[in-house]
Amino acid sequence: MSVFAVHVFLGILLCAPYQCLDCPSGCECFAVTRTVKCVSKDLLTVPQSVPGYARTVVITGNNIHQIAPNSFAEMENVTNIILSNNRITEMTSHSFSALINLRFLDLSGNQLALIHPEALSIPGSPLQELNLSRSLYNFTALTDLTTALRWGGLRGLLRLDLSGNHLALLPPGMFSHLPNLQQLFLTNNSLVAVYSGTFSGMNHLEVLDLTRNAFKTFSAEALQELDRLGNVRILLGDNPYTCSCEIHNFVIWLNESRAQLDVDAVRCTSPRALSDTRLRGLSVQAIGCVVPVQAEVADLTLQTSYVFLGLVLGFVGMVFLFVLYLNRKGMKKWINEMRDACRDVLEGYHYRYEIDSDPRLGHISADNGGGSSSRRAQGHLRLSLSQQLPNDTCIVQVPSDAKVKQVTATPPLNL
Ligand SMILES: *[C@@H]1O[C@H](CO)[C@@H](O)[C@H](O)[C@H]1NC(C)=O
Ligand SMILES: *[C@@H]1O[C@H](CO)[C@@H](O)[C@H](O)[C@H]1NC(C)=O
Ligand SMILES: *[C@@H]1O[C@H](CO)[C@@H](O)[C@H](O)[C@H]1NC(C)=O
Ligand SMILES: *[C@@H]1O[C@H](CO)[C@@H](O)[C@H](O)[C@H]1NC(C)=O
Ligand SMILES: *[C@@H]1O[C@H](CO)[C@@H](O)[C@H](O)[C@H]1NC(C)=O
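At position 274 of the sequence shown (counting the first as 1) the number is 273 in numbering that gives the first Met the number 0, and the numbers step up by one without a gap.
Below you can see the structure in the form of structure tokens.
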């Protein structure tokens, strides 16, 4: 009882005229604007017992290192929280999950090194705007954040600021779990390239800000990825564009793109002769581009080589025909010889067929069952056949399993 009395007494004593009894120490509470401000008070933790009417809580310029799971308990009606410049390094699991009406969260100007995968999970996905400008400590924090964006179920997020984080590379599909994102700020980073899939999954994007990065050009792949976003506003100014031939595709794209671009801010940084010249409208000659000329030359060379090949083939064919013509007599002779030879062979076959079908010769092999006597009989038959067959130079091999199928010619005499 006495402890309670002391508390009440101290409360009345410490309460400034414009504050109410339950305003946390180091903070100012404004009932009319429903705002609580705790600015540059070297607070080490998020103040507790914020009045129930508060909708906006501003806690900036303090020394709060960690956002703990219970940091925002009993703030279910708060819609805006500004936590910029507090040297926050760690966000634990479900850091904000008590803030079921939170629309706006500003974490800019911190040093987030540890982000729990479920740090941004809030039941009902009420969050619409997240400011992480100048808040990621290093690349590990970026990968942590990518996981937290994936696990956070931030389906209602409309606006995301990741500017000033020294980002050189965006993990593929980093934003693919933010299906309703409308504005993405990647300003003032060190991005050098966009890849296929960098901006996948965002179907409602309206503004993409890539100003003040380190782009020297955009590859065909990058331009395709930008095209996939459709009719969005893309800001590409203040990048160190190098206006050499490598920028050719980008110039064509700028010439033709249907996206809303800040073309006046897209200017060459080098070479010196083109410094501060607008990229759109630059001619192929201006960027010293020789690629199309080379292509034409290559094309011409190819055509020439085809013509040459045709000429050579034609010449070879003509020489062949000419040789044939010169040898026409020899050819004729050769053809006649071939014809005669083959006729002889055919006649031989014919003869043999007649012998085969002669019943008087058929009994010779049928009578002889023994191996040696049958071979002798065959030899005899062969001898008698060769005497009857005409002499020729054709030797025809026939399988020897048949009874009388070998046609043996007498040794050629006229070779
Ligand atoms: C939040 O608002 C509702 C109604 O507006 C009220 O009943 C509830 O007590 C409020 N919560 C807090 C923690 O003040
Ligand atoms: C995010 O915060 C920074 C600094 O606190 C501010 O300059 C910037 O405008 C904010 N981003 C958005 C999208 O409001
Ligand atoms: C980022 O910082 C954290 C904490 O200091 C450290 O553990 C980690 O190794 C750093 N990562 C990189 C890529 O430097
Ligand atoms: C860009 O970011 C750096 C640190 O990342 C910061 O010092 C600088 O002020 C920023 N510039 C602008 C114009 O926001
Ligand atoms: C871009 O368009 C301009 C005319 O608007 C044209 O002169 C120039 O050659 C085009 N550049 C390229 C690379 O096609």
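For glycine and all other residues, C-beta sits at the position ideal for the given N, C-alpha and C.
Note that this is a predicted model, so its numbers are computed, not measured.
Problem - Beta-carbon proximity check, T186 vs R211, cutoff 8 Å - result: Against a cut-off of 8 Å, the Cβ pair of R211 and T186 comes out as a contact.
Practice task
Enumerate in chain order the residues of its own chain whose CB-to-CB distance from P23 is below 8 Å, with the five nearest sequence positions on each side excluded.
Solution key: V35, C37, P46, Q47, S48, V49.
Practice task
Grab the span of the beta strand (DSSP E) containing N248 for me, first residue to last.
Solution key: Element bounds for N248: not the beta strand (DSSP E) but the alpha helix (DSSP H), 247-255.
Exercise for the section: For the beta strand (DSSP E) holding E117, just list the boundary residues, first then last. Expected result: Element bounds for E117: n/a, residue is neither H nor E.
Handout entry: Rounded separation between D339 and G329 - CA only
Key = Taking the straight line joining both Cα atoms gives about 15 Å.
Exercise for the section: Return yes when at least one heavy atom of ligand 5 lies under 7 Å from the C-beta of H247, else no. Expected result: At least one heavy atom of ligand 5 is nearer than 7 Å to the Cβ of H247, so yes.
Exercise for the section: Pull up the distance between the alpha-carbon of I418 and that of T241, whole angstroms please. Expected result: Residue 418 falls outside the range modelled here, since the chain spans only 0 to 414, and no answer is possible.
Problem - Residues that DSSP places opposite N76 in a beta bridge - result: DSSP output for N76 lists no bridge partner at all.
Handout entry: Through-space distance from T32 to A213, alpha-carbon basis
Key = Distance between the alpha carbons of A213 and T32: 42 Å.
Practice task
State buried or exposed for T145, treating a residue as buried only when at least 16 other CB atoms are found within 10 Å of its CB.
Solution key: So T145 ends up on the buried side.
Problem - Coarse secondary structure for N335, derived from DSSP in three states - result: In this structure, DSSP gives N335 a helical state, which the three-state scheme calls helix.
Problem - Buried versus exposed call for M90 [16 or more other C-beta atoms within 10 Å across all chains shown] - result: Residue environment for M90: buried (at least 16 other C-beta atoms within 10 angstroms of its C-beta).
Practice task
Work out the CA separation of S304 and N164 for me, nearest whole Å.
Solution key: Each residue's Cα considered, the two are about 56 Å apart.
Problem - G51: CB within 7 Å of a non-hydrogen atom of ligand 1 - result: For ligand 1, at least one heavy atom lies less than 7 Å from the Cβ of G51.
Practice task
Under 5 Å from any heavy atom of ligand 4, by CB: list those residues in chain order, please.
Solution key: Chain-ordered, the residues whose CB falls short of 5 Å from any heavy atom of ligand 4 come out as G163, N187.
Exercise for the section: Can you tell me which of T197, M201, N62, E205 puts its alpha carbon nearest to the alpha carbon of L260? Expected result: Nearest C-alpha to L260: E205.
Handout entry: 8 Å contact criterion, which L166 and L190 should meet: CB distance rounded
Key = Rounded, the Cβ-Cβ distance is 6 Å, consistent with contact.
Exercise for the section: Please find out if some non-hydrogen atom of ligand 5 comes closer than 7 Å to the beta-carbon of S282. Expected result: For S282, the Cβ falls inside the 7 Å cut-off from some heavy atom of ligand 5.
Practice task
For S39, verify whether its CB is less than 7 Å away from any heavy atom of ligand 2.
Solution key: Checking every heavy atom of ligand 2 against the Cβ of S39, none is found closer than 7 Å.
Handout entry: Euclidean distance between Cα positions of I251 and L278
Key = Their Cα atoms are separated by approximately 9 Å.
Exercise for the section: Rank D275, S256, S269 by C-alpha distance to the C-alpha of P263 and give the top, closest one. Expected result: The sequence as given places Asp at residue 263; Pro does not occur at that position. That would be D275, whose Cα lies nearest to the Cα of D263.
Exercise for the section: Within its chain, find whatever has a CB closer than 6 Å to the CB of A112; leave out the 5 residues flanking it on each side and keep chain order. Expected result: Hits under 6 Å: T88, Y136, A140.
Practice task
Using beta-carbon positions only, say whether F174 and D208 come within less than 8 Å of one another.
Solution key: Not closer than 8 Å, so no.
Handout entry: C-alpha distance - S96 paired with A285, whole-angstrom precision
Key = Looking at the backbone, the Cα of S96 and that of A285 are separated by about 57 Å.
Handout entry: Helix, strand or coil at M201 according to DSSP, with G and I counted as helix
Key = M201 falls in the coil class under three-state DSSP.
Exercise for the section: Tell me, please, which residues DSSP counts as bridged to S134. Expected result: According to DSSP, S134 bridges with nothing at all.
Practice task
Could you check which residue in M201, A53, L168, S256 has the C-alpha nearest to that of N76?
Solution key: For the residues M201, A53, L168, S256, the minimum Cα distance to N76 belongs to A53.
Handout entry: Where the beta strand (DSSP E) containing L207 begins and where it ends
Key = 206-208 is the span of the beta strand (DSSP E), which, as asked, contains L207.
Exercise for the section: Return yes when the C-beta of A112 is under 7 Å from any heavy atom of ligand 3, and no when it is not. Expected result: True, at least one ligand heavy atom lies under 7 Å from that Cβ.
Practice task
Starting from the Cα of F29, find the closest Cα among V57, N84, L43 and give me that residue.
Solution key: Per the C-alpha coordinates, the member of V57, N84, L43 positioned closest to F29 is V57.
Handout entry: Coarse secondary structure for M317, derived from DSSP in three states
Key = M317: helix per DSSP, three-state reduction.
Problem - Which listed residue (L129, L104, S94) has its alpha carbon closest to that of A118 - result: If we check each option's Cα against that of A118, S94 comes out closest.
Exercise for the section: Write down the C-beta distance between A188 and L222 rounded to the nearest angstrom, noting that I regard them as a contact closer than 8 Å. Expected result: In the sequence as presented, Ala is not what sits at residue 188; that position holds Asn. Contact flag wrong, Cβ pair sits at about 19 Å.
Exercise for the section: Give the straight-line distance between the Cα atoms of L82 and V283, rounded to the nearest whole angstrom. Expected result: Here the alpha carbon of L82 sits roughly 50 Å from the alpha carbon of V283.
Handout entry: Beta-bridge partners of K36, as assigned by DSSP
Key = Secondary-structure assignment with DSSP links K36 through a beta bridge to E27, V57.
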